[in-house]
Amino acid sequence: MQTCYKASAWLMAIPLLVLFLGFTIYPFFYMIGISFTNCNLSAWEVPKWVGLKNYATIFDDLVAAGSVEFTILLVLIAVPLEMLLGLFVAFLIDDVVGESFWRSIVVLPMMIPPVVAGIAWKMLYNFQYGPVNYFLSFFGIHRISWLGDPVMARVGVIIADVWQWTPFVFLVLYSGLQSVPQDLIEAASVDGASRWHTIRYVHLPVIRPLVWVVLIIRLVDVLKLFDIVYMVTFGGPGSATHTISYYIYKVGLSFGWDIGYASALSVLLLIAVVLLTNVLIRVLNVRQLLGL
Amino acid sequence: MHSIKEIFKYILLLALVIFFFFPIYWLIITAFKVSSDWFDWPPVFIPTRFTIGNFLGTEGGFQGSLATAISSITPYLSNSIVVALVTALASMLIGSLTAYAISRFKIGGMFFASWIISIRMLPPIAAALPLYVMFSHLNLLNTKLSIILGHLVFTTPFSTWILITFFNDIPRELDEAAYVDGASMIRTFVSVILPLSAPGLAAVASLAFIQSWGEFLLALILTSSAESQTLPIYLGRFITGWRIAWGPLAAAGLVTMVPVMTFSLIMQRYLLRGLTFGAVKY
Numbered sequence: 632m633q634t635c636y637k638a639s640a641w642l643m644a645i646p647l648l649v650l651f652l653g654f655t656i657y658p659f660f661y662m663i664g665i666s667f668t669n670c671n672l673s674a675w676e677v678p679k680w681v682g683l684k685n686y687a688t689i690f691d692d693l694v695a696a697g698s699v700e701f702t703i704l705l706v707l708i709a710v711p712l713e714m715l716l717g718l719f720v721a722f723l724i725d726d727v728v729g730e731s732f733w734r735s736i737v738v739l740p741m742m743i744p745p746v747v748a749g750i751a752w753k754m755l756y757n758f759q760y761g762p763v764n765y766f767l768s769f770f771g772i773h774r775i776s777w778l779g780d781p782v783m784a785r786v787g788v789i790i791a792d793v794w795q796w797t798p799f800v801f802l803v804l805y806s807g808l809q810s811v812p813q814d815l816i817e818a819a820s821v822d823g824a825s826r827w828h829t830i831r832y833v834h835l836p837v838i839r840p841l842v843w844v845v846l847i848i849r850l851v852d853v854l855k856l857f858d859i860v861y862m863v864t865f866g867g868p869g870s871a872t873h874t875i876s877y878y879i880y881k882v883g884l885s886f887g888w889d890i891g892y893a894s895a896l897s898v899l900l901l902i903a904v905v906l907l908t909n910v911l912i913r914v915l916n917v918r919q920l921l922g923l
Numbered sequence: 003m004h005s006i007k008e009i010f011k012y013i014l015l016l017a018l019v020i021f022f023f024f025p026i027y028w029l030i031i032t033a034f035k036v037s038s039d040w041f042d043w044p045p046v047f048i049p050t051r052f053t054i055g056n057f058l059g060t061e062g063g064f065q066g067s068l069a070t071a072i073s074s075i076t077p078y079l080s081n082s083i084v085v086a087l088v089t090a091l092a093s094m095l096i097g098s099l100t101a102y103a104i105s106r107f108k109i110g111g112m113f114f115a116s117w118i119i120s121i122r123m124l125p126p127i128a129a130a131l132p133l134y135v136m137f138s139h140l141n142l143l144n145t146k147l148s149i150i151l152g153h154l155v156f157t158t159p160f161s162t163w164i165l166i167t168f169f170n171d172i173p174r175e176l177d178e179a180a181y182v183d184g185a186s187m188i189r190t191f192v193s194v195i196l197p198l199s200a201p202g203l204a205a206v207a208s209l210a211f212i213q214s215w216g217e218f219l220l221a222l223i224l225t226s227s228a229e230s231q232t233l234p235i236y237l238g239r240f241i242t243g244w245r246i247a248w249g250p251l252a253a254a255g256l257v258t259m260v261p262v263m264t265f266s267l268i269m270q271r272y273l274l275r276g277l278t279f280g281a282v283k284y
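Same order as they appear, the protein sequences are chains Z and U. All residue numbers for the first sequence refer to the numbering used here, where the first residue is 632 and numbers rise by one. All residue numbers for the second sequence refer to the numbering used here, where the first residue is 3 and numbers rise by one.
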């Protein structure tokens with residue numbers, strides 16, 4: 632009886648299995664295969680096996696190194712900023728009058744499509760007429776070429792990413808703070824704990840698992856960063872704001888059509904993502920979440 | 003002393019709120035600015051003249067700027083609606099079937115569950131490369147079907163995951179009662195489980211809609227003409243143009259943003275549940 636049901640349960644999962652086998656598993660093996668060839672979509676010749684040549688090229692590729700460097704910068708600067716700011720805003724809003732009003736404004740950036748956010752930031756960063764340069768002029772800072780200067784363009788992308796994703800960190804951690812039992816907080820204050828001590832010993836332990844979850848999700852998402860870069864800087868100036876995703880796109884499907892090389896890059900990116908995902912699965916306690 | 007600290011707190015909060023809200027405010031007002039206000043110094047923060055010409059295409063622009071109007075957006079808008087709706091419905095359907103199987107019969111166990119998570123983590127670019135090659139062999143490039151299939155790969159894991167958490171909350175005794183009464187599994191699923199999880203289904207469909215509507219990379223790669231391109235691609239093409247007419251661009255952005263933002267705000271809690279794999283329930 633039970634086995635019979637289990638068999639029909641697998642039948643129900645067939646559409647998903649087809650989708651995933653056909654559009655993820657098969658393509659991946661296909662991609663790993665291509666990464667060992669010199670497949671190029673703009674050339675008319677049959678792809679040839681070139682072994683590890685594509686992988687070897689990566690280490691001599693300065694633009695690839697630059698895009699890895701920028702991605703690492705995002706990981707080291709944007710993600711920690713988002714985490715700290717998100718945590719800070721969560722505690723701040725948890726503690727003021729009109730929580731839901733403030734909350735619904737702060738979460739807006741994560742609700743808009745990244746492409747549209749890109750438009751907004753492109754306008755704000757405009758050299759001649761942009762409001763950002765106008766605000767800076769109050770502080771006596773002369774017009775900054777946000778999109779023309781390699782360093783400032785990177786800063787610009789980081790700010791836009793922080794703007795869009797801090798709300799996500801905030802919302803997750805804020806919802807965690809809501810679940811801190813009120814009597815614990817009261818007990819702490821009766822015992823004479825300062826605000827800081829209450830945060831340190833009552834709030835933080837409760838939201839710690841969420842901090843890990845949101846941190847890993849942000850790390851993986853930053854590796855995927857594409858839309859904002861495409862819209863705001865178009866990867867420029869030069870290749871200053873190429874992220875890994877953007878560079879793969881450019882090499883494989885936009886300017887180079889060198890699918891072989893782009894696949895090799897993707898395989899490496901995938902390895903990084905798989906490692907992070909494994910950490911996440913451990914942290915999430917999947918078994919309990921799904922009731923397995 | 004205490005009140006100074008309080009005031010300081012609100013000032014800080016206000017500054018943060020301005021930071022988060024200002025870019026959206028700017029987008030909205032630019033969409034309604036007359037063309038002489040697009041480029042002005044100091045920038046026009048509180049416009050006194052408003053126009054809907056940016057939406058209608060009557061506001062013109064300036065010499066050599068890209069012309070745009072609702073009429074030129076229409077094909078993209080309708081593509082977006084078709085793609086997002088089909089994606090939403092299909093991923094709700096596929097997701098609910100699988101979720102039921104996992105929730106009640108634990109098929110695939112941890113492996114299946116981890117697999118679904120890893121698809122969520124998958125960088126779209128890594129999927130886009132082989133999908134592009136595959137679809138070009140199948141002659142599916144530049145069709146709406148190709149985008150829908152591409153989007154389904156990313157939305158279905160979400161849908162499945164969220165629905166598993168919903169189905170787990172429905173008492174198992176209900177299924178068993180139905181089985182005892184002689185209902186088949188599909189029958190039980192359709193007439194017992196689905197009606198009880200209607201809010202979950204609505205949430206899942208809206209989330210898939212949101213994801214599909216705003217998705218950029220896959221749609222960019224898989225399409226090449228107005229026959230199948232979605233709104234975000236239209237915006238992307240627009241912005242890389244040489245002289246950008248800000249008003250119409252912001253107007254087009256607003257059209258893209260409004261449906262998603264509305265949905266997201268309504269579905270906030272489920273959105274969060276989906277984004278964090280149910281680690282957050284509030």
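All residues carry an ideal CB built from backbone N, CA and C; glycine is no exception.
What are the partner residues of residue i, as DSSP defines its beta bridges?
i	result
K1 (chain U)	Limits of chain U in this structure are 3 at one end and 284 at the other, which puts residue 1 (chain U) out of reach.
T655 (chain Z)	T655 (chain Z) is not bridged to any residue.
W680 (chain Z)	Z:T668
In chain Z, which residues lie with their C-beta within 8 Å of the C-beta of residue i?
i	result
P250 (chain U)	Result: empty, since nearest Cβ-Cβ is about 11 Å, beyond 8 Å.
G55 (chain U)	Result: empty, since nearest Cβ-Cβ is about 18 Å, beyond 8 Å.
F22 (chain U)	I736, V737, L739, P740, W794, T797, P798
Y12 (chain U)	V727
Quick one: list the residues of chain U neighbouring residue i, beta-carbon separation under 7 Å, in chain order.
i	result
K684 (chain Z)	Within chain U, no residue comes near K684 (chain Z); the closest Cβ sits about 18 Å away, beyond 7 Å.
H883 (chain Z)	The sequence given here places Gly at residue 883 (chain Z); His does not occur at that position. Correct list: L131.
P765 (chain Z)	Before going on, a small fix: residue 765 (chain Z) reads as Tyr here, not Pro. Within chain U, the residues near Y765 (chain Z) are P44, P45.
K753 (chain Z)	I241
F769 (chain Z)	Residues of chain U passing the Cβ test: none, with the nearest at roughly 11 Å.
W733 (chain Z)	L15, V19
Run through chain U and tell me which residues come within less than 8 Å of residue i, C-beta to C-beta.
i	result
K925 (chain Z)	With chain Z running from 632 to 923 in the structure shown, residue 925 (chain Z) is simply not present.
Which residues in chain U sit within 9 Å of residue i, going by Cβ to Cβ distance?
i	result
T908 (chain Z)	S116, I119, S120, R122, M123, L124
S876 (chain Z)	P125, P126, I127, A128, L219
P745 (chain Z)	G216, F218, P234
Should residue i go down as buried or exposed, given a rule of 16 or more other Cβ atoms within 10 Å for buried?
i	result
F22 (chain U)	buried
K11 (chain U)	exposed
L715 (chain Z)	exposed
Q813 (chain Z)	exposed
F769 (chain Z)	exposed
R826 (chain Z)	exposed
L906 (chain Z)	exposed
M632 (chain Z)	With a pLDDT of 46 at M632 (chain Z), under the threshold of 50, the modelled position of that residue is not reliable, and no figure is offered here.
M112 (chain U)	exposed
L16 (chain U)	exposed
E817 (chain Z)	exposed
S1 (chain U)	The structure shown does not extend to residue 1 (chain U), since chain U spans only 3 to 284, so no value can be given for it.
F168 (chain U)	buried
D691 (chain Z)	exposed
Q809 (chain Z)	exposed
V155 (chain U)	buried
K679 (chain Z)	exposed
G184 (chain U)	exposed
Interface residues of chain Z around residue i at Cβ under 7 Å?
i	result
F41 (chain U)	Y760
I96 (chain U)	P646, L647, L650
Answer yes or no: does any C-beta atom of chain C fall closer than 8 Å to that of residue i?
i	result
S825 (chain Z)	Any reference to chain C falls outside this structure, whose protein chains are Z and U.
Note to self: My parser needs the alpha helix (DSSP H) runs of 4 or more residues fully inside the stretch 817-858 of chain Z; what are they?
What the structure shows: Counting whole runs of 4 or more residues, the stretch 817-858 of chain Z contains the alpha helix (DSSP H) stretches 826-829, 835-854.
Note to self: Against chain Z, which members of the stretch 117-144 of chain U pass a CB distance test of less than 9 Å?
What the structure shows: Residues are counted here when their Cβ sits less than 9 Å from a Cβ of chain Z; for the stretch 117-144 of chain U these are W117, I118, I119, S120, I121, R122, M123, L124, P125, P126, I127, A128, A129, A130, L131, P132, L133, Y134, V135, M136, S138, given in chain order.
Note to self: Along the stretch 160-192 of chain U, where does the CB come closer than 9 Å to a CB of chain Z? Name the residues.
What the structure shows: Of all residues in the stretch 160-192 of chain U, the ones placed with a Cβ closer than 9 Å to any Cβ belonging to chain Z are T162, W163, I166, T167, N170, Y181, S186, M187, I188, F191, in chain order.
Check: Can you list, in chain order, the residues of the stretch 842-857 of chain Z whose Cβ is nearer than 8 Å to any Cβ on chain U?
Finding: Those would be V844, V845, I848, V851, L854, K855, F857, in chain order.
Check: Which full runs of the alpha helix (DSSP H) of 4+ residues lie inside the stretch 700-736 of chain Z, going along the chain?
Finding: Entirely contained in the stretch 700-736 of chain Z, the alpha helix (DSSP H) runs reaching 4 residues are, in chain order, 710-725.
Margin query: Please identify, using Cβ separations under 7 Å, the residues of the stretch 860-874 of chain Z that lie next to chain U, in order along the chain.
Written below: So the close ones are Y861, M862, F865.
Check: Which full runs of the beta strand (DSSP E) of 3+ residues lie inside the stretch 73-157 of chain U, going along the chain?
Finding: Fully enclosed beta strand (DSSP E) runs of 3 or longer: not present.
Margin query: Residues of the stretch 202-230 of chain U in Cβ contact with chain Z at a cutoff of 9 Å, in chain order, please.
Written below: Among the residues of the stretch 202-230 of chain U, those with a Cβ less than 9 Å away from any Cβ of chain Z are I212, W215, G216, E217, F218, L219, L222, I223, in the order of the chain.
Next item on the list: Report the residue ranges of all alpha helix (DSSP H) runs contained in full by the stretch 871-895 of chain Z; include only those spanning at least 4 residues, in chain order.
Entry: Entirely contained in the stretch 871-895 of chain Z, the alpha helix (DSSP H) runs reaching 4 residues are, in chain order, 875-880.
Notebook entry, point to check: For the stretch 695-718 of chain Z, which residues have a CB atom closer than 7 Å to at least one CB atom of chain U, in sequence order?
Noted result: From the stretch 695-718 of chain Z, no residue has a Cβ closer than 7 Å to chain U.
Checklist line | Residues in the stretch 891-904 of chain Z having any Cβ partner in chain U nearer than 7 Å | finding: Cβ contacts with chain U come from A893, S894, S897, L900, L901, V904.
Note to self: Threshold first: 3 residues or longer. Then list the beta strand (DSSP E) segments lying entirely within the stretch 736-777 of chain Z, N to C.
What the structure shows: If we require 3 residues or more, the stretch 736-777 of chain Z turns out to have no beta strand (DSSP E) run fully inside it.
Notebook entry, point to check: Of all the residues that make up the stretch 250-269 of chain U, which are near chain Z by a beta-carbon distance shorter than 7 Å?
Noted result: Those residues of the stretch 250-269 of chain U that come within reach of chain Z (Cβ to Cβ, closer than 7 Å) are L251, A252, G255, T258, M259, V262, M263, S266, L267.
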